[in-house]
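Mind the numbering: the sequence shown is residues 29 to 595 in my numbering, read in order. Where is the CB? At the ideal position from N, CA and C, for every residue including glycine.
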Amino acid sequence: MARWIIYWVVVATAGVFAFKVFQRDSLQTLVTPGALTKAHAQYEKKCDACHAPFSKETQNNLCVECHKTIGEEMKNSLGLHGRLAAVKEGKCTRCHTDHRGRDFDIVGLVKEGFTHQFTDFTLAGAHTRPGIGCDACHAPGKKFREAPVDCFSCHQKDDAHQGKLGAQCSQCHNETSWQKTYFDHRQTRFPLKGKHEQLACDACHADRTYKNAPVECAGCHLINDIHDSPLDEKCSRCHVEDDWKKVSFDHNKETKFVLEGAHTQTACDACHTGFSFKGNKPGAQCIDCHQGDDIHKGRYATRCDQCHVLASWKEVRFDHARDTKFQLKGAHSQVKCEACHQEAASGIKLETSCASCHQGDDIHKGELGAQCSQCHNENGWGERIVFDHDLTKFPLIGLHAVTSCDECHLSPTFKDVRTDCLSCHRDDDEHRGTLGSGCGQCHNPNGWRLWEFDHDNQTKFKLEGAHAGLKCQECHTRPMDGQVVKQKSDCLECHAKDDAHQGRFGVQCALCHFADSFKRIKEFHNVPETKNCFSCHEQDDVHDGHFGRQCGQCHTVESFKKIIMSN
């Protein structure tokens with residue numbers, strides 16, 4: 029009994045449940061707004077496949093459960109549904125509504141004006157050209173999201189590499205132009221530097237295979253190798269990537285011959301003939317390369333660097349003042365080496381005396397010795413001749429100091445010239461030798477006519493009265509030899525013709541006569557020295573000396589004939 033009761037309860041319950049379902053589906057079918065689109069036609073009697081009672085959010089989830097690909101895009105922020113926030117956070121029915129018939133376009137995509145930037149493939153460069161339509165990339169019958177986003181899928185026919193470089197075309201090509209590449213060669217074993225950056229790809233990759241291209245210089249530049257080097261030679265030791273002809277070989281570090289001065293600008297083959305750097309090495313001595321430049325022809329051995337400098341072969345650094353005992357000054361500094369060094373320098377030392385080189389220029393014929401520098405200087409053999417005449421017996425003063433040498437030295441022997449004035453000034457001697465040869469006693473070197481002689485102090489005969497205005501030759505009339513003037517100072521030496529006494533009163537004319545005029549007579553008898561009358565009037569004594577010599581006891585000074593008679 030109990031078993032039957034349970035049975036009917038179960039049957040009743042199942043019936044009620046089946047009725048409810050039938051009632052619901054029938055009701056939903058009765059109230060449907062219209063036929064579903066062709067893609068959803070299979071769900072037309074399964075409303076709960078898309079609709080959730082009283083919950084639009086649950087209904088959105090039902091869409092995603094069916095459209096799993098779109099759900100993944102929304103979850104990962106990919107594609108149109110994952111990138112547009114309004115779509116990602118909104119309701120599916122906002123854009124996609126159904127129940128509008130079998131032919132209704134539920135997608136609702138408007139191609140014109142569609143913004144491709146909200147997809148996984150932003151259109152840029154050549155992809156934006158007006159002539160390119162959607163169907164150029166989106167194949168008919170396939171969903172838009174199914175269009176490939178890799179270059180190779182569309183540009184396989186443009187691949188000149190025949191797939192050997194893979195499908196990552198964007199590593200080299202860009203969207204602006206398929207022909208323009210920008211491959212980052214730095215990511216390879218051979219980063220492009222210098223001139224390599226400007227080369228076209230096929231300059232090195234002739235077959236456009238790119239892989240396994242040689243990275244050694246000889247792989248491309250074997251034809252440029254003028255050194256005939258082995259294939260494993262590292263060209264980069266010398267050549268640089270900026271220019272094959274530009275060499276960066278560090279001669280200073282790599283060899284024992286440091287390049288300095290002009291050597292740094294010298295071409296390699298100037299020393300390394302034929303650009304051969306191995307085996308036949310050039311010598312390290314200057315003469316090994318500069319033998320043709322040796323104008324000395326071996327006179328100075330092989331040590332060219334003692335004189336020449338690396339900056340220029342023509343520039344000489346030999347310091348004659350420092351390295352020898354003979355300083356080069358004046359004209360000597362401009363003289364070529366071989367002018368003095370005419371033979372091989374080894375073992376031969378030149379004399380430093382002037383005569384050793386200038387013997388042929390010596391117009392004095394050796395009579396003045398070998399010390400030419402006493403007169404001549406190094407600026408020029410005949411220029412500004414200087415001789416200290418003060419060191420001789422005849423110092424030059426006055427006009428003599430500015431007189432040219434040949435005014436006195438008529439021959440180049442010099443030593444044969446006399447030092448007395450008349451030897452040069454005989455024609456200027458107005459005294460015609462009457463005052464001897466000591467012209468310097470009166471005349472001075474500043475001018476022959478500038479003379480001064482103090483007759484009162486320099487002689488024992490003062491010039492007074494009429495003597496003061498006399499010319500020298502009026503008293504000095506006889507020629508004399510020597511510098512000492514020998515002239516008598518008594519009056520009769522000049523006035524013998526004026527002596528009316530004919531010598532009776534001796535030679536002391538000044539006792540009676542004045543110096544200003546011979547005709548003017550002194551009061552002779554008043555002169556103390558004349559008290560001895562007899563000294564003058566001995567011939568007038570008629571007494572024959574019987575009354576002694578004191579004539580003044582009887583005679584007066586006014587007249588010898590007037591007699592004074594005394595007691």
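- The secondary-structure analysis by DSSP pairs H201 across a beta bridge with T209.
- Taking the C-beta atoms as reference points, C436 is found nearer than 7 Å to V445.
- Three or more beta-carbon pairs separated by less than 8 Å are not found between the segment 455-463 and the segment 483-498, which leaves the two stretches without contact.
- DSSP places I391 in the coil class of the three-state scheme, outside both helix and strand.
- Around the beta-carbon of H453, fewer than 16 other beta-carbon atoms lie within 10 Å, marking it exposed.
- Closest in alpha carbon position to L520, among K357, Q511, C503, is C503.
- In this structure, F180 sits near C197, with a CB-CB distance shorter than 7 Å.
- Sequence-distant Cβ neighbours of H279 in its own chain, meaning closer than 6 Å and more than five residues away, are L287.
- The beta carbons of S276 and V268 sit closer together than 7 Å.
- Close CB contacts of H255 within its chain, under the 6 Å cut and outside five residues either way in sequence, are with F303 (chain order).
- Under a 10 Å Cβ-count criterion, G107 is classified as buried, with 16 or more other Cβ atoms of the shown protein chains found around its own Cβ.
- Across the structure, A359 and H249 are spaced so that their CA atoms are roughly 58 Å apart.
- The alpha-carbon separation between A167 and L220 amounts to approximately 41 Å.
- In the three-state reduction of the DSSP assignment, R477 falls in the strand class.
- In the structure shown, H574 adopts coil according to DSSP, grouped into three states.
- Going by C-alpha positions, F546 is about 16 Å away from S517.
- For M508, there is no enclosing alpha helix (DSSP H), as DSSP marks it with neither H nor E.
- By the Cβ-count criterion, T147 is buried, with 16 or more other Cβ atoms from all chains shown falling within 10 Å of its own Cβ.
- Proximity to A290 across R265, P310, C467, C314 peaks at C314, based on C-alpha coordinates.
- The shortest CA-to-CA distance from A234 to any of G153, G118, N252, H189 is the one to H189.
- Nearest C-alpha to T237 among G410, A383, L193: L193.
- For K66, the closest of F132, P507, H79, H541 by C-alpha to C-alpha distance is F132.
- Beta bridge pairing from DSSP links V275 with H267.
- If you look at N485, you'll find it in the alpha helix (DSSP H) that goes 483-486.
- Apart from the 5 residues on each side of it in sequence, A77 sits with its Cβ closer than 8 Å to the Cβ of Y71, L90, C94 in its chain, given in chain order.
- For T97, the uninterrupted alpha helix (DSSP H) segment begins and ends at 96-104.
- Pairing V243 with R217 gives a Cβ-Cβ distance under 7 Å.
- Between C335 and V344, the C-beta spacing is below 7 Å.
- The straight-line gap separating the alpha-carbon atoms of E101 and K223 is approximately 47 Å.
- Beyond the five residues adjoining it in sequence on each side, C368 comes within less than 7 Å, by CB distance, of L378, C385 in the same chain, given in chain order.
- Of the candidates T209, G191, F562, the residue whose Cα lies closest to the Cα of D230 is T209.
- Between C561 and C582 the beta-carbon gap is near 10 Å, outside 8 Å, which marks them as no contact.
- Comparing alpha carbon positions, the residue from K274, G311, A528 closest to K284 is G311.
- Per DSSP, reduced to three states, the secondary structure at H471 is strand.
- Under DSSP, the beta-bridge partners assigned to G408 are N405.
- DSSP places S384 inside the alpha helix (DSSP H), whose first and last residues are 382-386.
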